[in-house]
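In the working numbering, the protein residues as written are 188 to 434. Scroll down for the structure; my scribbles are underneath it.
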């Protein structure tokens, strides 16, 4: 579905990002992973290469909060491959701190990575996509961007901002043949969720109409569809992948 496409995935070393990288590679894409540390990038690349030595995958660890650093890394990718067809802004951090214990610094930190860094990725890739005649930008939102959550107010706030960014950029960049969409995962079996005790997991499952927690591959499948030509007329959408758990 993505033969010879070039994709950059931030937060691509584990969880949803890693599953998406694996899904894209298995569908013929060339993938560049952005991670926070050299060791996590190297570990992810080694794991993917062990699975299939023929996969064309590389990695880097620019500071996503530094727009200039991100732009330079995007330019390197473009120089290496001659194009960037897909950007997935997946890196982010969650939070559950109650409002009584919140600080402005904590709020700003979450907004910085979950919103500003997304915009840095956009700013770094849009000139490249315009010059090549189009592309796809996909953002990771969240179920709580739609319904909120009790505690950790910065997280749903940041993901609501991602939705607004997605809708607005889709309208602005459509004439340049750049599609912009987001995926809003529900409770997904990432490292954090997998570490929860069974007595906490089961009530979560009971609240999901489809009666299971999402897998990273479920989210990766949504990204694959939106990145592919099958979604060539889909832009400005926030695709919920949450088993209908939206309240």
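The beta-carbon is built from N, C-alpha and C at its ideal position, and this holds for glycine as well.
- The segment 228-247 and the segment 211-220 touch, with three or more beta-carbon pairs separated by less than 8 Å.
- The Cβ-Cβ distance between residue 341 and residue 297 falls below 8 Å.
- Sequence-distant Cβ neighbours of residue 328 in its own chain, meaning closer than 6 Å and more than five residues away, are 346, 349, 350, 369, 371 and 425.
- Counting only residues of its own chain and dropping the five nearest sequence neighbours on each side, residue 190 has a CB closer than 7 Å to the CB of 215.
- Three or more beta-carbon pairs separated by less than 8 Å are not found between the segment 392-400 and the segment 189-206, which leaves the two stretches without contact.
- Annotated three-state conformation of residue 421 is coil, per DSSP.
- Spatial neighbours of residue 223 in its own chain (CB-CB distance under 7 Å, excluding positions within 5 residues in sequence) are listed in chain order as 248.
- Judged by DSSP secondary structure, residue 358 falls within the alpha helix (DSSP H) whose first and last residues are 341-360.
- Distance from the CA of residue 254 to the CA of residue 393, rounded to the nearest whole angstrom, comes to 42 Å.
- Straight through space, the alpha carbons of residue 386 and residue 272 are spaced by roughly 43 Å.
- A contact between stretches requires three or more CB pairs, one per stretch, nearer than 8 Å, and the segment 225-244 fails this requirement with the segment 277-287.
- If you draw a straight line from the Cα of residue 344 to the Cα of residue 324, it is about 21 Å long.
- Approximately 4 Å separates the beta-carbon atoms of residue 188 and residue 415; this is inside 8 Å, confirming the contact.
- Buried is the label assigned to residue 403, since at least 16 other Cβ atoms lie within 10 Å of its Cβ.
- Remark: C-beta atoms of residue 275 and residue 313 do not approach each other more closely than 8 Å.
- Counting along the chain, residue 369 sits inside the beta strand (DSSP E) bounded by residues 365-372.
- For residue 195, there is no enclosing alpha helix (DSSP H); the enclosing beta strand (DSSP E) covers residues 193-197.
- In the assembly as shown, residue 332 is a buried residue. Its beta-carbon has 16 or more other beta-carbons within 10 Å.
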